[in-house]
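Reading through the C-alpha cells given below for one structure.
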Amino acid sequence: MQPLSRKAAHGRRSVECALIATVTLLAPLWSAFGGQAAEGTTEHWTDADRQQMVGAHLALMHQQYKEAVALLIPLYKKAPYHTERFASPRDLPADTLPPGVEIESRVSGMLWRAMFGDHQYTKCVALHSAYRFHTEGEPLNRTAPGVRDMLLMMGRRVSDYPPTLALNHLWVDFSPDPLLRDEMLFVPAAQLGRALGFETVTENSERIVQLSRTDWPAEFVFEEGQRGVGARPARAQLEKPPFRQEGRLMLAATDVAKLLGGEAHWYPEVPFMHLIIPKVPAKRAEQ
Amino acid sequence: MVGWLVLSADGPGLWPQPPVDPPRVIYTRPAPCEDEEGQEAQAPDGPGPHEHVWVDDQYFPWFDMQAACVNVGDGSEAARYVRCGDYVEVSPGSPLDWDICGNEGCSFPGGLADNAVSVEQWDDGGAEGQFGHFEPTGFVADGYITHYKAPMQPGLVSLQNRVDDIHYAEDPATGQPVQTFDDFPPDGVWGSVTTITVWDFTISNGAPEWWRPELDLGAYFTAKIEPATDHNGQSMAGYINFSLGASSEPGYCLNRTRVSQPDPQWNDTGPDDADLKFPPDQDPNIQVSADCSWAATAEPALEASVTVRCLDYGAYGSIIAEAQTLQGIMASARLLLDDDPRTYYTYQVNGETYFRYYAPIPWDEDGNCIWDGWQWNAGNALDDEEPGGALPGDGFSRYEEYRGLTVNLGWTWLDPDADQDVFILDWEALKSPPGGPPLPGIGAGDLPSLGVAVHVIHYPEAKNIEYEPGTAYINYNCDTAHCNSQPGVYVIDQVIQHAGQCGQTDVKLDRPNPTSFIDIAKINALYQQAAPEATQMLVGHELGHACNLAHHGGATTRACVMWDVPAVGDPLHHTYCNAGNPGCRALYMLHE
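Heads up: the protein sequence lines correspond to chains E and U, in order. For reference, each letter of the first sequence is one residue, going 1 to 287 in my numbering. For reference, each letter of the second sequence is one residue, going 1001 to 1592 in my numbering.
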C-alpha cells in the first residue's frame, strides 16, 4: 500500500487501496500506550480469568456467541493475546477432546470467532488486523482471505455494520461505535485518548475533552465544533471539527494520527481503519 | 585217473521217499588252475593224489546247507524296534555248510570241508523296506547288504534271507581250492524269520494349509503310536504329552484385546498371554496344565487328540507331541500330512531327507510368522513398502497388516502391497453417548483422492479401544515385526480462532495424537448451501496437512485440495494434484 497525501486520502472514499495518512504535524512521536491494554502478558492473569476463558470456549462450542463476546471483551482488554491450553476433562467437559489432545486458545482469537458468530464482521476485521500487527508488525492485507470472507458475509449490507478501528495491535471497543461522516471516520475522543494512554478529563456533557499525560506531546484539548486544538507544546488544527454523538465527543481518527505522527490505514469496503501510532516517545531534543 | 562212485538210492531211509533224485555221480577233480584254465590235470606217476568223493548231503542232512535267522542290530531286543524309515544293521546270522568226502584218506580233517555260504536274497515279506548298505553318498539299496531301511508303513515285519553254498574249499594237502558238493536245492535255502516291529509316532497336521489364525478358532491334533502291538504281542501304548510353543502378542489384533477383570480367564489376550493354548475342556483322558501350554494323557494310550485354541489373528507357533511307550521307547512325533496315502512332511538338507518333528500353527514354510495361504505372504514380516507418496510404506509392517485390526468392531486385514493405509478417528461420531443415537461424524472428506486407503473409525463402541487413548496409535498391540507406532488422525469439530481458516492441523503423522480441527459452524456460515461440498474439501485439506502436505501457491496448480488457503468463493477442488507442480499425491508422508 502506498501512503497517500492527506488531500487524496480525504477525497477518495472508494479508493482501491487503503488510505494511509502519514502525518508529521508537530513532529513529536507519541507514546500510544499507557498500559491500559496489556501486551498479552500473564502478569495480572488470574485463575478466574482462565475460568472465564473456559466459559467463553464452551459458549463458542455451543454457538452462544453473544455470551462468548461478553465474556471475552474484558479478557481482551486485560490481555488480548494471552493463550491457554485446554484439555478434556481437565478444562472442558468430558469427550470434548480426545485424551491427549489439547487445544490452544488465544483471547483475541476466541473473540474473533465469537464476533464472527455474532455477525460482527467489521469488528472481526479489526481484530484480525490488530492480530496481524501484533504478529507481523503490519496491518492486514485487504486481499487476505479473512477480509474477503468478511466482505462476502456482509454482502450488500456493509452499511449495516459499524465501522471499526484498530490501534496498533488492539481493536478498540468504542461506544458508541465509530461512524462515517463526510467520508471520514469519527471515534469517541475520550475513549480513543484512553486507548492511547492519556488521562481524560471531560465534563458531563462531553463538549470538551482534555487528554493529558507525562510524555510529549503532553496535552490536547478538543472542543465540539472547533477545529483548533489546544495542545502542549503547540496548538494544532484538525481537518474536521469534533461533534457530539450520543453524548460523546467524536473526533476524526485520521486527525489523531496526524497529531501523533502515525499512520491511518483505511479499508473502505469493510469499513475499517487501522491506526498505527509509534509507541516510543521521541526525545524532546528531537522535536 | 578219474574215479567215480555210485551211490545207492535204497539207503537207510533217512529221508522221505519219494521224491528221490536219481543217484548222482560226482566227478571230483582238482580245482582248475587259473594258469591252466581249460586244461585237464595230468595224474602224476606213483600213488595218485587223493580224490575227494563228496557225499550228497541229501542223504546226510546233518551236513546239509543251513541258513540262519537275520541278525538285527546288536541282537538285542531293543534293536527289533525300528522306526519307520530308519535304518538298522542286518546280517545273515551264521549260515553254514559242511560237505563230507566219502573217500578214505581225505586231506580234510575228518573228511569234512567247511564251505563258505553266500546270502543270495533278503526279504521283508513285502513290507516295502529296503536292504542295502551305506556309501559316503548315503544309503544304497543294493549290493552288499549291511542295513535295512524300515518301510514308512508301521507294522510287524518279517525279515529273512536265502543262502546258497559256495561249493569250493581249500584242500589242506595242496592248499588249492577244490570243488565240493553243490548243495540242493540249487537256489539255496531260506532262513527262519526274524520279526521286528516297525513303529512310528506321528502327529496330524491340525492346522493345514487352509487354516488361518483367527480369534477363538480351534485346531485339532491327533498323535498316534503305531502299530498297536509289537512283535511280542505287547501293546505299544504309551504316555503321550503335547506342548505348545506360541507367540505372545499383546491383544488379539493390532488394536483390540480381551482381558477379563477382576478374574483373568484362560482365554484372555493380555500382553503375557500366549496366542495358542490348550483349552481346559479336552477329552477326558487329557490333562491340561494351568497355563494351558501343556497337555498329556492320564493313562497310556495308542492315540490322543487335543484341541488348540487360537487367541490371536496373528498367532504363530507349533505343537510337539512326545511319547514314552511301555517298551521304553521315547520319541517325538513326526508330522503326518496324510494317512491315505501315508504322507509325511519331509525336507531335504544336503541330499538327506529329514522329518519334521512338530506341527506348525499355522502353515508357514517361509518362516515369516505369516500364514502361507495369505495372498500377500510373500516377503518379510517387517516389510513396509507400499508405494505412494514421498516415502514407501504406511507405518504398518507386512506382519501387522496380516494380523489385522478392527475397524468399527469388525476385524479386517490390510493389503501390504496396495495403497498405504490411513486411519481417521472421527471424534464427533466416536463421542456419541452410549446407548443413544450416534452423532453425525465429519468423515475423511476428500482424503481418499490422495491415493491412500482410508479407514474411518466412527463407531462409538470403538472409542478409546480401536486406538490407544493418549497417543491415538492404531497398532498399539504390537510386538512381532513392529516397525512404527502409527496413529490415526483425529478429526474434531472445534472453533477455529484464525480468520481465513476453517480448519487447523498442528500435529501430523506420525506423531502421537495428530489432529485436524474443523470448524463446521464456520463452514456452514461461510459457504451456506455449498457447505457440504466445502466441508469435503476442507476436511481433505486439513487431513492433507496431517499427511505432511503443505500449502502450495504461486505458480503451482490451483486445481488441488492443498491450494494455499482457500477463501470463500474460490473454486472447490476435490482432488490432490497428481504429477509435478508440485504433485501432492507424490509428496505426502505417513511416517518419517
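Positions of the beta carbon are idealized from the N, C-alpha and C atoms, including for glycine.
Alpha carbon to alpha carbon, how far is residue j from residue i? Give it in angstroms, no decimals.
i, j, result
"U:P1438", "U:Y1354", "59 Å"
"U:F1184", "U:P1095", "15 Å"
"U:A1079", "U:T1174", "44 Å"
"U:A1228", "U:I1320", "21 Å"
"U:G981", "U:W1211", "In this structure chain U extends from 1001 to 1592, so residue 981 of chain U is not present and cannot be described."
"U:D1268", "U:E1461", "20 Å"
"E:G146", "U:R1558", "19 Å"
"U:G1596", "U:R1162", "Residue 1596 of chain U lies beyond the stretch modelled for chain U, which goes from 1001 to 1592, so this question has no answer here."
"U:Q1058", "U:G1143", "31 Å"
"U:Q1265", "U:S1293", "14 Å"
"E:T122", "U:E1385", "52 Å"
"U:A1586", "E:M154", "40 Å"
"E:H265", "U:T1515", "37 Å"
"U:S1247", "U:Y1399", "13 Å"
"U:E1209", "U:G1373", "6 Å"
"E:A257", "E:L140", "18 Å"
"E:S129", "U:G1389", "38 Å"
"E:T83", "E:R50", "9 Å"
At 8 Å on the CB atoms, spell out the chain C contacts of residue i, in chain order.
i, result
"E:M61", "Looking at the structure shown, chain C is missing, and the protein chains on hand are E and U."
Strictly under 7 Å for the Cβ-Cβ distance: is residue i near chain U by that measure?
i, result
"E:G40", "Summary for E:G40: the model assigns pLDDT 47, below 50, so the residue's position carries little reliability; its value from the coordinates is reported in the next sentence. So no, E:G40 is outside the interface."
"E:A112", "Here residue 112 of chain E is Trp; the residue named in the question, Ala, does not match the sequence. It does: the Cβ of E:W112 has a partner Cβ on chain U nearer than 7 Å."
"E:L151", "no"
"E:D91", "no"
"E:P331", "Residue 331 of chain E lies beyond the stretch modelled for chain E, which goes from 1 to 287, so this question has no answer here."
"E:R142", "no"
"E:D95", "yes"
"E:R156", "no"
"E:H134", "no"
"E:H128", "yes"
"E:G262", "no"
"E:G100", "yes"
At a Cβ threshold of 7 Å, is residue i touching chain E?
i, result
"U:W1427", "yes"
"U:A1521", "yes"
"U:V1561", "no"
"U:V1422", "no"
"U:N1513", "yes"
"U:Y1490", "yes"
"U:P1416", "no"
"U:V1565", "yes"
"U:K1508", "no"
"U:H1552", "no"
"U:G1470", "yes"
List the DSSP bridge partners of residue i.
i, result
"U:C1253", "U:R1256"
"U:S1318", "U:G1245 and U:P1360"
"U:F1063", "Answer is none; U:F1063 lacks a bridge partner."
"E:Y81", "In DSSP, E:Y81 forms no bridge with anything."
"U:G1500", "Paired residues: none, contrary to the question."
Is it the case that the Cβ atoms of residue i and residue j are separated by a distance below 7 Å?
i, j, result
"E:Y81", "E:D118", "no"
"U:E1466", "U:T1412", "no"
"U:V1189", "U:Y1148", "no"
"U:H1573", "U:V1561", "yes"
"U:E1249", "U:D1479", "yes"
"U:G1445", "U:A1429", "no"
"E:A253", "E:L165", "yes"
"U:D1187", "U:H1167", "no"
"U:I1370", "U:Y1347", "no"
"U:R1356", "U:L1326", "no"
"U:D1097", "U:D1165", "yes"
"U:A1295", "U:V1308", "no"
"U:Y1593", "U:D1312", "Only positions 1001 to 1592 of chain U appear in this structure, which leaves residue 1593 of chain U out of reach."
"E:P163", "E:F174", "no"
"U:Y1459", "U:E1468", "no"
Within 6 Å: the Cβ of residue i and any heavy atom of the ligand PLP?
i, result
"U:D1187", "Among the components of this structure there are no ligands whatsoever, and the ligand PLP is therefore not found."
| request: Could you tell me which uninterrupted beta strand (DSSP E) segments, each at least 3 residues in length, are contained entirely in the region 1419–1501 of chain U, listed from first to last along the chain? | output: 1421–1426, 1453–1457 and 1489–1493
| request: Would you list, in sequence order, the uninterrupted beta strand (DSSP E) runs of no fewer than 3 residues that lie entirely inside the region 1095–1127 of chain U? | output: 1097–1100 and 1112–1123
| message | Just to confirm the assignment: which complete beta strand (DSSP E) runs, minimum length 3, are found wholly within the region 1498–1570 of chain U? | response | 1503–1505 and 1515–1518
| task | Mind listing, in chain order, the continuous beta strand (DSSP E) runs of no fewer than 3 residues lying wholly within the region 1365–1428 of chain U? | result | 1405–1407, 1410–1412 and 1421–1426
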